[in-house]
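Now the structure itself:
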């Protein structure tokens with residue numbers, strides 16, 4: 001639901017640190033034409049589909065911009081009807097490899113989902129290597145990436161159901177846009193929660 005819509009909810013909570021804001025996630029959704037992502041909506045040649053009734057689908061993405069030292073992480077959760085039920089973005093301060101940014105974003109999404117008491121989730125990322133690493137049995141413990149994957153796998157055990165899927169970038173555009181905008185935000189930690 002977007003601000004100004006006749007059928008927009010009367011109450012929703014969006015937090016930026018301790019300040020209540022409305023302006024961060026709504027422009028992202030509006031710019032991308034996202035009001036509700038249903039079965040028939042298509043992004044480029046990639047079709048996003050909602051989860052079954054028992055799950056929440058969480059799209060996650062990490063982003064870097066040029067020579068900036070910061071990176072962003074964006075996460076958006078949808079219910080079985082395709083409604084955006086929650087979104088989150090945050091900024092990291094050190095330049096790291098793109099694959100590590102993607103792994104950090106997935107790890108943050110798992111922590112966030114657990115904090116929101118989602119118990120059955122499907123995580124989607126456009127980083128095929130990270131999705132494959134999460135689906136494999138034994139990550140390497142000899143690298144930063146391996147340690148992030150290992151810790152993410154430990155977080156998986158706190159859910160009744162947790163699956164990972166790859167989606168092309170076009171189908172992950174909302175999470176990507178949140179990640180890009182987080183890089184330029186003033187606050188380091190953006191916790192955005194929409195209760196619709």
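In full-length UniProt numbering, the protein residues as written are 1 to 196.
Built from N, CA and C at the ideal position, the CB exists for glycine as well.
Own chain residues within Cβ distance below 8 Å of residue i, not counting five before or after
i, result
"residue 114", "155, 158 and 159"
"residue 167", "46, 48, 59, 124, 125 and 126"
"residue 130", "99, 102, 103, 106 and 149"
"residue 118", "56, 58, 77 and 159"
"residue 135", "164"
"residue 52", "80"
Whole-number beta carbon distance between residue j and residue i, since they are thought to touch under 8 Å
i, j, result
"residue 110", "residue 152", "6 Å"
"residue 103", "residue 58", "With 8 Å as the limit, residue 103 and residue 58 do not qualify as a contact, their Cβ atoms being about 15 Å apart."
"residue 92", "residue 176", "So it is not a contact: roughly 15 Å between Cβ atoms."
"residue 180", "residue 62", "Rounded, the Cβ-Cβ distance is 10 Å, inconsistent with contact."
Residue i, DSSP secondary structure in three states
i, result
"residue 79", "coil"
"residue 186", "coil"
"residue 157", "coil"
"residue 166", "strand"
"residue 152", "helix"
"residue 214", "Residue 214 is absent from the structure shown; the chain starts at 1 and stops at 196."
"residue 129", "helix"
"residue 48", "coil"
Exposure label - residue i; buried when at least 16 CB within 10 Å
i, result
"residue 65", "exposed"
"residue 94", "exposed"
"residue 60", "buried"
"residue 125", "buried"
"residue 107", "buried"
"residue 87", "buried"
"residue 142", "exposed"
"residue 80", "exposed"
"residue 97", "exposed"
Extent of the continuous alpha helix (DSSP H) to which residue i belongs
i, result
"residue 104", "98–115"
Bounding residues of the beta strand (DSSP E) (the contiguous stretch that carries residue i)
i, result
"residue 125", "120–125"
"residue 61", "56–64"
"residue 92", "84–92"
Same chain, Cβ closer than 6 Å to residue i, neighbours up to 5 away in sequence not counted
i, result
"residue 120", "54, 55, 160 and 161"
"residue 163", "122"
"residue 128", "166"
Same chain, Cβ closer than 7 Å to residue i, five either side skipped, listed in chain order
i, result
"residue 116", "86"
"residue 185", "91"
"residue 145", "99, 100 and 103"
"residue 112", "75 and 88"
8 Å Cβ cutoff, residue i in contact with chain B
i, result
"residue 131", "Among the chains of the structure shown, chain B does not appear; only one protein chain is present."
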